[in-house]
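All remarks here apply to the structure that follows.
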Amino acid sequence: MKHAKVGFLMTDEVVSVLGRTPSADVAALLVAHEISGVPVLDADERVVGVISRTDLLTQGHLTAEDLMTAPAVTIHAEQTVTEAARLITRRGVTRLPVVDEEERLVGIVTRRDLLRVFLRPDHEIRRVLVEEVLADTMGIGADAVSVDVVDGVVTLAGRLPMSSQIPVALRLAGQLDGVVAVIDRLTARSHDTRTRTAPPDRSAEGVPR
494 MKHAKVGFLM TDEVVSVLGR TPSADVAALL VAHEISGVPV LDADERVVGV
544 ISRTDLLTQG HLTAEDLMTA PAVTIHAEQT VTEAARLITR RGVTRLPVVD
594 EEERLVGIVT RRDLLRVFLR PDHEIRRVLV EEVLADTMGI GADAVSVDVV
644 DGVVTLAGRL PMSSQIPVAL RLAGQLDGVV AVIDRLTARS HDTRTRTAPP
694 DRSAEGVPR
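Okay, so the sequence shown: first residue is 494 according to the numbering used here, each after it adds one.
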């Protein structure tokens with residue numbers, strides 16, 4: 494299965510400011526470009542923070558560095574859009590600066606960008622899970638596992654032949670584009686492993702809104 498990467502979704506022409514930029518100039522940029530926030534860079538173009546309209550409510554002749562939220566919540570271009578969606582939801586931000594290996598700014602991805610991926614209908618996610626993931630990849634019949642999908646949150650319930658199949662099913666479901674969380678209600682008829690490995694993320698997290 495192919496998974497969309499942040500690098501293919503991001504905007505690479507990013508409005509940014511330096512730490513020494515006066516707050517009045519930052520406000521003017523936000524208004525001119527009709528955006529709600531910008532990354533703050535140091536002299537080497539590394540992201541050191543993010544400044545938003547809310548930050549600018551503070552009175553006084555201050556700079557972006559004085560008002561910014563730091564450290565910035567960032568992501569790398571090679572990470573998946575699912576990881577970006579979870580990060581945005583978990584940290585309560587509206588945009589993620591995209592950085593390279595040296596933390597230099599290369600782009601930005603917003604909630605609106607991510608919604609272009611997560612508008613995938615629940616019934617289509619369910620079809621892919623049942624037909625491609627469970628049946629074709631794992632050889633598990635539709636009668637063995639109940640698949641329920643609501644707002645990108647997948648619930649897998651049922652009884653698999655082997656316990657080792659459970660973490661595999663959870664991992665593959667969680668990697669599917671459009672899935673933001675997987676709820677595990679699976680059991681097994683035979684325990685062929687000593688321990689059961691939990692999936693990376695079993696708590697339901699909402700789609701970015």
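Where a beta carbon is used, it is the ideal one built from N, C-alpha and C, also for glycine.
Just so you know, these numbers come straight off a predicted model, no measurement behind them.
| query | In three-state terms, what does DSSP make of Gly671? | reply | What you label residue 671 is simply residue 178 of the sequence shown in a count that begins at 1. Reduced to three states, the DSSP call for Gly671 is coil.
| request: Tell me whether Gly500 sits in a helix, a strand or coil according to DSSP, three-state version. | output: As a position in the sequence shown, residue 500 is number 7, starting the count at 1. In this structure, Gly500 counts as helix in the three-state DSSP scheme.
| message | Taking 7 Å as the threshold (C-beta atoms), are Leu549 and Ser516 in contact? | response | Counting from one through the sequence shown, the residue named residue 516 turns up at place 23. Counting from one through the sequence shown, the residue named residue 549 turns up at place 56. For Ser516 and Leu549, yes; Cβs fall inside 7 Å.
| said: Buried or exposed, going by whether 16 or more other CB atoms sit within 10 Å of the CB of Met655? | reply: Here residue 655 refers to the residue found at position 162 when the sequence shown is read from its first residue. Flag for Met655 reads exposed.
| So what does DSSP say about Ile659, is it helix, strand or coil? | On the sequence shown, position 166 is the one that residue 659 refers to. Helix at Ile659.
| Ser545 classed as buried or exposed, judged by whether at least 16 other C-beta atoms fall within 10 angstroms | Looking up residue 545 in the sequence shown gives position 52. Buried is the call here.
| query | DSSP three-state call for Asp615: helix, strand or coil? | reply | The residue labelled residue 615 in the question sits at position 122 within the sequence shown. In this structure, Asp615 counts as helix in the three-state DSSP scheme.
| task | Whole angstroms is fine: what's the gap from Gly553's alpha carbon to Leu522's? | result | Residue 553 sits at position 60 when you count from the first residue of the sequence shown. Residue 522 sits at position 29 when you count from the first residue of the sequence shown. Straight-line Cα distance between these residues: approximately 18 Å.
| message | Strictly by DSSP, which residues pair up with Thr556? | response | Within the sequence shown, residue 556 is the residue found at index 63, counting from 1. Pro515, per the DSSP bridge assignment.
| message | Quick check on the burial criterion: 16 or more other C-beta atoms within 10 angstroms. Buried or exposed for Leu635? | response | Your numbering for residue 635 matches position 142 in the sequence shown. One point to set straight first is that residue 635 is Ala, not Leu, in the sequence displayed. That one is exposed.
| task | Can you grab the Cα-Cα spacing for the pair Lys498 / Glu571, in whole Å? | result | If you number the sequence shown from 1, residue 498 lands on position 5. If you number the sequence shown from 1, residue 571 lands on position 78. Going by the C-alpha atoms only, they are around 6 Å apart.
| Taking the continuous alpha helix (DSSP H) assigned at Ser539, which residues delimit it? | Numbered from its first residue, the sequence shown carries residue 539 at position 46. According to the sequence as given, residue 539 is Arg; it is not Ser. Here Arg539 belongs to no alpha helix (DSSP H), and DSSP marks it neither H nor E.
| task | Taking only the alpha-carbon atoms, compute the straight-line gap between Ala681 and Arg583 and give it to the nearest angstrom. | result | Counting from one through the sequence shown, the residue named residue 681 turns up at place 188. Counting from one through the sequence shown, the residue named residue 583 turns up at place 90. Taking the straight line joining both Cα atoms gives about 32 Å.
| Just curious, the alpha helix (DSSP H) that Ile581 is in, first and last residue? | By 1-based counting over the sequence shown, the position of residue 581 is 88. Start and end: Val574 to Arg584.
| task | To the nearest angstrom, report how far apart Gly645 and His526 are at their CA atoms. | result | Looking up residue 645 in the sequence shown gives position 152. Looking up residue 526 in the sequence shown gives position 33. Those two C-alpha atoms are separated by around 32 Å.
| Close-in-space but distant-in-sequence residues of the same chain around Met503 (CB under 8 Å, 5 per side omitted) | Translated into the one-based positions of the sequence shown, residue 503 becomes position 10. Closer than 8 Å at the Cβ level, and outside the excluded window around Met503, lie Ala570, Val591, Val599, Gly600, Ile601, Val602 and Asp606.
| field | DSSP beta-bridge partners of Ala601 | value | For the purposes of this step, residue 601 is identified with residue 108 of the sequence shown, where counting begins at 1. In the sequence on display, residue 601 carries Ile and not Ala. Ile601 is bridged to Thr504 and Pro590.
| message | For Ser639, report the span of its beta strand (DSSP E) as first-last. | response | Residue mapping note: residue 639 aligns to position 146 of the sequence shown, counting from 1. Val638 to Val643 is the span of the beta strand (DSSP E), which, as asked, contains Ser639.
| request: Report the rounded CA-to-CA distance for Glu595 versus Arg539, giving the unit in angstroms. | output: Taking the first residue of the sequence shown as position 1, residue 595 is located at position 102. Taking the first residue of the sequence shown as position 1, residue 539 is located at position 46. Cα to Cα, the separation comes out at about 7 Å.
| Nearest CA to the CA of Asp615: which residue from Ser639, Leu665 and Val672? | Along the sequence shown, one-based indexing puts residue 615 at 122. For Asp615, the nearest C-alpha among the options comes from Val672.
| field | Assigned secondary structure, Thr630 (DSSP; H/G/I helix, E/B strand, else coil) | value | The sequence position of residue 630 within the sequence shown is 137, counting from 1. Three-state DSSP puts Thr630 in a helix.
| Start and end of the beta strand (DSSP E) containing Val533? | If you number the sequence shown from 1, residue 533 lands on position 40. Here the beta strand (DSSP E) through Val533 covers Gly530 to Leu534.
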